[in-house]
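Right, one structure below, let's go through it.
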Amino acid sequence: MAKRKPRHKQTPKHSKPVKAVVLSGQRRVASAQELLGDSLEMLKATGVSAAVAEIERVAARFGATNLPMGQLLLFLAKSVIDHHPKLALDVCLHAQSLENAPIEATLIAGSLQDRLGDRIGSQASMRVIIESDAAEPLQKLRAANLLVRFGDQEVALNAARVAFAAMGRPIEHAATLLYIAQVTADWHLVAELTDQLRAGYNAGLIEQINEAPRTHLLWCDDEALNLKVLNLWSKRNLPDPIRPSPEPEPLTGRRLRIGYLSSDFREHPTARLILGVLRHHDRSQVELFMYCSGWDDGSQLRKDVEQQFENIHSVAALSDEAAADLIRSHQVDVLIELNGPTRAHRMGILRHRPAPVQIDYLGWPGSVGGRVVDYVIGDEHTVPVGAERLYPEKVIRLHPTYQANDHAMFKRAPKPTRKEVSLPEDPSLQILGMFNAINKVHQQVWDTWMQILRDVPNSMLWMLDPGPAARKSIAQAAQKARVPVSRILASPKLPHALHLARIQCCDLMLDPWPYGGHTSTADALFSGVPVLAMEGNNFASRVSAGLLRAAGLDSMVCKTPDAYVSRAVELLHNPAALDAMREQLMEHGQIRSVFDTASRTRQLELAYRVAVDRACQGLPQQHCTLALAAPQNNSSAQLTSVSRARSDVKSERLCNSELVLVASAVRSASKVSKCTNGSEQKIPMVLVCGPWSSGTSAVAGMLANAGLQAPGPYVKVNDPQTSATYEMKAFQGVLRELASEQTLRKLTTPLVALQRLCQFRDEVLSQAISRAPEAPPLMLKHGLASLFLKELCALFEVRLVGVLRPHEDIEATRVRRNWLPGLGQQGAEVLYRALFDHLVNSQTPFHLVRYPELLAAPSAEFDRLMTFCGVSPIDAQRQAALAFVDRPASAQGKK
């Protein structure tokens, strides 16, 4: 049976919420609270019908006639809307069934329907508001703000424009229209509204503006202002905690009880990210509780998430207090809130302090305003040293990225053909991808991308379909930028696995700003697609840059739009450089750390335990930075607190009263000590050191041909003059986990580096070389080895061969190869400094080879090297070694 359409009564202009009602035959005024009587408690206990009956009973006692029941029900609904959304929806739906139902009931009902997962019902409610003559402009503006989320872009934008103008363009509602303008790509309107808001903030009108945190982050990257807006939101929506925290229980002899609270345990990016953490939790050490404040969408992702939990509870229909009581009854040690101030959050539950430690993670980039949260989780990129001073919470920094990217569970699908993904088949056409939501794009970003398209005529932009109104806006913007619309292709959203496959067809992914990609950047990196991003000024705008740096792609982070254009054009004109990046993303070890969710989970478990331990001891909360050794199967994390005085921690990276924790997933400190204390004979190794393009491959090739053990497979380079590098891929992979080739900065502590290299020795080299007494020494080489000479000498019996070449020759070779700047003179200065610092301060045996002299007199240098290495090659080995080096001058630009 079709529902009767409610007949709405127009609210008088300038009317205020019902506070009192004049009763028939009575001189005094009865307050709304008197009329509601015990209805609120009855509503919570037995539902809407009992609450309405109670209101009618009290009204009869007062002798009231013509009681405005709809308004009283609205008052009742608003009293529970924040902490009991399901009850509030039931009340609003009942109010809608009344004669002369208030239009506000439909507006509130639609908002709650969206929050609780009834998108069809919500869309229908918002259309009623837009089409109603009884609705006031503000109600229509709010309805449009929700309607645009359902794809009714043109209807929403037109209605919102009219409503905002009718209201006199008030600054307190500018952000509501701004969100609609962002979603519909109306960048002229976006600029008008952000100018209005910026002027308001400069004038000190922050409380009047009352902007939603998410909308604010989409255009403003002033972190100090971001946090002021967020803190104001928190004070208004999350008043101070109602109850004290429960007493924490010591963890000795039992598992850590972890609760995860979210409305997004469904087909949603947050669920996809957190699934990896859930899968890798050590069930012998932790017990997991799922608290779903959203809905079950029946998806496979929902099923996969549920399978990871021992305890599953829905709190969607519970009040904040009842949900908190439920969580408290489970004696959860730490509660992880995964929404932050997003549309469907239930952070009000945290006001009741259901757990001794409460942490916000993953669903929101940065601070949530403190108050009900003790810690937020970031990393050294998203919350750089010093930024935590702005945060009301304490910051936990993971390494190398806070984001739990569980792509390792996916098997990378074969790359489809362009035809299969509806792209032009012209092989000379270069595809620039942009698979972020359109509301992250604004005029400056678009102008920058159009400049790239103009400078690279054989390129096109491939993006997600932004919706009908946004497509029109984009077409107009492209024509204005003198770029044919045919060079912009929009494709529909696909299931995640198919999406990961199709984006492999991109040559380069473009990241917007200031709110850049998060999961979209991780998706691209996993699919082997380089991402170009801007350096950001707040958490949300630093995520892409942080992921790129963690992946060793520092050169893909730009500081200005002009630099962004230059870098894109440079790469698109140099396909070989892009191919080298793709190879790095697809094969090399450093990128694996971005997707190492097992390691990320061990860090989280360590941070959770430390936070609970401090609570048990009555100690204050502290900022916490974690370092992590590489993972080993079937090994639990060794948890060690490292003081500021430790020599293996860079004190300049720490803040006052900050904990630094090392989560070792390889072996305990005692086992590392056993690896390095000389109780077992060290493996003899000749280590060839020098920067890229210095001649290390020539020296390594000579040694390998002379009989030294040079395990493969080897790294290949895009240089026909270098037939073989003799650079072990596995060794390169380990070093790229520990340091960045682009910046030549170490990514971890010496202790963690020692553990990882120890693991490499025991698990890789022990299977690849002979340990027989008569076996020749091992030979390894890589540019980054110069940064870890102390650790390598602790694990191996090292003889060091340093290869020297003039800086200008190194740089000329780099340019010829089209390699990144760090692989030329810039990197040579750093690596030579590290090499000679070690030689000056150690007793390591060393021999220096001047590359030009090697080329001029290879036989004499060969003899010196053999004497130094303690090797006596046979004649055939000598001839092969000399033949490898003795080449025509045209081939002597090799590494």
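If you read the sequence shown in the numbering used here, its first letter stands for residue 7, the second for the next number, and so on.
All C-beta atoms in this analysis are idealised placements derived from N, C-alpha and C, irrespective of residue type, glycine included.
Please read these numbers as outputs of a predicted model, since none were measured by experiment.
- Put Val-391 into one of helix, strand or coil per three-state DSSP. coil
- Query: Relative to the C-alpha of Ile-816, which residue among Gly-701, Ala-889 and Val-575 is closest?
  - Reply: Gly-701
- Item | His-505 versus Pro-567: straight-line alpha-carbon distance, rounded | Looking at the two C-alpha atoms, the distance is approximately 28 Å.
- When we look at the beta-carbon of Glu-394 and count the other beta-carbons within 10 Å, is it buried (16 or more) or exposed? buried
- Item | Run of the beta strand (DSSP E) containing Lys-486, from where it starts to where it stops | It is not in any beta strand (DSSP E) - Lys-486 instead sits in the alpha helix (DSSP H) that spans 474 to 486.
- Taking the C-alpha atoms as reference points, what is the distance between Leu-904 and Phe-852? Lying outside 7 to 901, the shown extent of the chain, residue 904 is not represented and no answer is given.
- Message: Under 8 Å, with one C-beta from each stretch per pair, do the segment 71 to 85 and the segment 104 to 114 reach the 3-pair mark?
- Response: yes
- Task: Would you identify the three-state DSSP class for Thr-850, choosing helix, strand or coil?
- Result: coil
- Message: Short of 7 Å in beta carbon distance, which residues of its chain neighbour Met-734, apart from the five on each side in sequence? Order them along the chain.
- Response: Pro-717, Gly-718, Tyr-720 and Leu-786
- Query: Using the C-alpha atoms, what's the distance from Pro-390 back to Val-758?
  - Reply: 21 Å
- So what does Met-466 bridge to, in DSSP terms? Looking at the DSSP assignment, Met-466 forms a beta bridge with Ile-437.
- Task: List the whole-angstrom C-beta distance separating Ala-191 from Ser-547, where the pair is believed to meet the contact cut-off of C-beta under 8 Å.
- Result: No, Ala-191 and Ser-547 are not in contact; Cβ-Cβ is about 20 Å, not under 8 Å.
- Query: What's the gap between the Cα of Gln-885 and the Cα of Leu-744?
  - Reply: CA-CA distance, Gln-885 to Leu-744, rounds to 37 Å.
- In chain order, what residues of the same chain have a beta carbon less than 6 Å from the beta carbon of Gly-833, not counting five sequence neighbours either side? Pro-697 and Leu-750
- Message: Taking the alpha helix (DSSP H) that Pro-567 belongs to, which residues open and close that run?
- Response: Segment 567 to 578, the alpha helix (DSSP H) holding Pro-567.
- At which residue ranges does the segment 725 to 798 contain complete beta strand (DSSP E) runs of 3 or more residues, listed in the order of the chain? For the segment 725 to 798, whole beta strand (DSSP E) runs of length 3 or above, ordered along the chain, are 784 to 787.
- Item | Boundaries of the alpha helix (DSSP H) in which Asp-385 is found, first to last residue | That residue, Asp-385, is in no alpha helix (DSSP H); its beta strand (DSSP E) goes 381 to 385.
- Three-state secondary structure (DSSP) of Ser-653: Below a pLDDT of 50, predicted positions are generally treated as unreliable, and Ser-653, at 26, falls in that range; the measurement from the model is reported next regardless. It is coil, neither helix nor strand.
- On the three-state DSSP scale, how would you describe Ala-101? helix
- Residue environment, Ile-509, which counts as buried when at least 16 other CB atoms sit within 10 Å: buried
- Message: Within 8 Å, do at least three Cβ pairs link the segment 303 to 310 to the segment 273 to 281?
- Response: yes
- If I'm right that Ala-181 touches Lys-146 with Cβ under 8 Å, what's the distance once you round it to whole angstroms? Contact doesn't hold; Cβ gap of about 16 Å is too wide.
- Message: Quick check: Asn-151 and Tyr-207, are their CB atoms within less than 8 Å of each other?
- Response: no
- Query: On the three-pair Cβ rule with 8 Å, is the segment 606 to 617 touching the segment 250 to 262?
  - Reply: yes
- Message: Starting from Gly-803, trace the beta strand (DSSP E) in both directions and tell me its first and last residue.
- Response: Residue 803 is actually Glu in this sequence, not Gly. Taken as a continuous stretch (DSSP letters only), the beta strand (DSSP E) holding Glu-803 covers 802 to 810.
- Identity of the residues DSSP links to Phe-295 by a beta bridge: Gly-265 and Asn-317
- Query: So what's Arg-403 in DSSP terms, helix, strand or just coil?
  - Reply: strand
- Message: Please classify Leu-553 as buried or exposed, where buried requires at least 16 neighbouring CB atoms within 10 angstroms.
- Response: buried
- Item | Cross-strand partners of Glu-343 (DSSP beta bridge) | Residue pairing by DSSP puts Glu-343 in a beta bridge opposite Leu-267 and Asp-366.
- Could you tell me the distance, in whole angstroms, from the CA atom of Ala-882 to the CA atom of Leu-888? Straight-line Cα distance between these residues: approximately 10 Å.
- Considering Met-540, what are the terminal residues of the beta strand (DSSP E) in which it resides? 537 to 540
- Check whether the Cβ of Pro-626 sits closer than 7 Å to any heavy atom of the ligand COA, and report yes or no. Ligands are entirely absent from the displayed structure, and the ligand COA is therefore not among its contents.
- Message: For Pro-5 and Thr-525, what's the separation of their Cα atoms in angstroms?
- Response: No statement about residue 5 is possible, as the shown extent of the chain runs from 7 to 901 and does not include it.
- Using three-state DSSP, classify Val-891 as helix, strand or coil. When DSSP states are grouped into helix, strand and coil, Val-891 belongs to the helix group.
- Query: Helix, strand or coil: which one does DSSP assign to Ala-496?
  - Reply: DSSP, reduced to helix, strand and coil, places Ala-496 within a strand of the structure shown.
- Query: chain C beta carbons: is any one of them nearer than 8 Å to that of Arg-767?
  - Reply: The structure shown contains no chain C, having only a single protein chain.
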